[in-house]
Amino acid sequence: MSETDLRSLAVAGGQGDLDAAEALIKAAHGPLFSFLYLLGVPEIDVDDVAQNTVIQMYQSLSRYDPTLPFSPWLRSIARHVVANYWRTRARERDNRGLFRQHVEHCVVRDEPAAPDLPQAGDLEKCIEHLPPKQREVLAMTYFEGRTSDDVSSILHSTPAAIRQMLARTREVLRRCIEAKLASTEHA
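Numbering (our numbering), first residue to last: 2 to 188.
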């Protein structure tokens with residue numbers, strides 16, 4: 002599809018023409034995936050990053066300047082989405098490392114780091130009450146040091162689903178530990 006056609010579709014999509022927006026998304030699909038691969042997005046995450054790019058593109062269509070070529074405009078959106086992707090991945094790695102260090106510290110010492118922190122046994126009991134799949138994902142991520150990409154490949158899932166499961170698991174563990182702390186305060 003020519004740049005002129007892409008511009009026309011972008012303008013129409015920006016004015017609310019859903020058919021034009023859909024045609025634009027289909028036309029941009031191949032070049033967008035190629036560009037994301039060139040930017041180094043892991044194959045397992047390309048679909049998610051492409052979807053986020055298309056969402057950003059669609060939300061920005063009303064601001065598209067038709068005097069400029071469409072393809073470079075879309076690539077600039079993709080660059081921003083990819084930068085956000087890498088920032089998120091870096092934060093996850095940092096958080097995973099901190100959480101692992103904290104858990105290892107509690108397990109090794111079997112004592113709280115501060116009077117109001119739970120014992121390692123409390124955390125172990127909370128982990129034991131998790132469903133098997135959550136325990137498996139938790140162990141692979143925090144104890145084996147695997148990334149969400151690695152875990153998703155092993156469990157035939159998506160990295161986003163693994164990250165979501167980890168977020169939910171951390172929340173369940175937090176509530177469990179808080180309940181154990183509250184029960185020891187009242188004892």
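A virtual CB, placed ideally from N, CA and C, is assigned to each residue, including glycine.
In this text the structure is predicted, and so the values were computed from the model without any measurement.
What's the call for glycine 14, buried or exposed, on a 16-neighbour Cβ count within 10 Å?
In the sequence shown, residue 14 corresponds to position 13, counting from 1. Result: buried.
With 16 as the cutoff for other CB atoms within 10 Å, does arginine 76 come out buried or exposed?
Working through the sequence shown from its first residue, we reach residue 76 at position 75. Buried.
Out of Ser9, Asn53, Arg136, state which residue places its alpha-carbon closest to the alpha-carbon of asparagine 85.
Along the sequence shown, read from residue 1 onward, the residue named residue 85 stands at position 84. It is Asn53 whose Cα lies nearest to the Cα of asparagine 85.
Does the distance from the CB of leucine 62 to the CB of alanine 11 come in under 8 Å?
Reading the sequence shown from its first residue, position 61 is the one you call residue 62. Reading the sequence shown from its first residue, position 10 is the one you call residue 11. In this structure, alanine 11 lies closer than 8 Å to leucine 62 by Cβ.
Between the alpha carbons of glycine 41 and isoleucine 155, how many angstroms are there, rounded?
Reading the sequence shown from its first residue, position 40 is the one you call residue 41. Reading the sequence shown from its first residue, position 154 is the one you call residue 155. The straight-line gap from Cα to Cα measures roughly 21 Å.
Taking C-alpha atoms, which residue in Cys177, Glu145, Asp66, Leu131 lies nearest to alanine 166?
Within the sequence shown, the letter at position 165 stands for residue 166. The sequence shown places methionine at residue 166, rather than the alanine named in the question. If we check each option's Cα against that of methionine 166, Leu131 comes out closest.
Does the distance from the C-beta atom of alanine 28 to that of methionine 58 stay below 8 Å?
Taking the sequence shown and counting its residues from 1, one reaches residue 28 at position 27. Taking the sequence shown and counting its residues from 1, one reaches residue 58 at position 57. No, they are not a contact pair.
Taking the alpha-carbon positions, what's the leucine 174 to valine 50 distance?
Sequence index remark: in the sequence shown, residue 174 carries index 173 (1-based). Sequence index remark: in the sequence shown, residue 50 carries index 49 (1-based). Each residue's alpha carbon lies about 29 Å from the other.
For glycine 17 and isoleucine 128, I'd like the C-alpha separation in whole angstroms.
Taking the sequence shown and counting its residues from 1, one reaches residue 17 at position 16. Taking the sequence shown and counting its residues from 1, one reaches residue 128 at position 127. Each residue's alpha carbon lies about 49 Å from the other.
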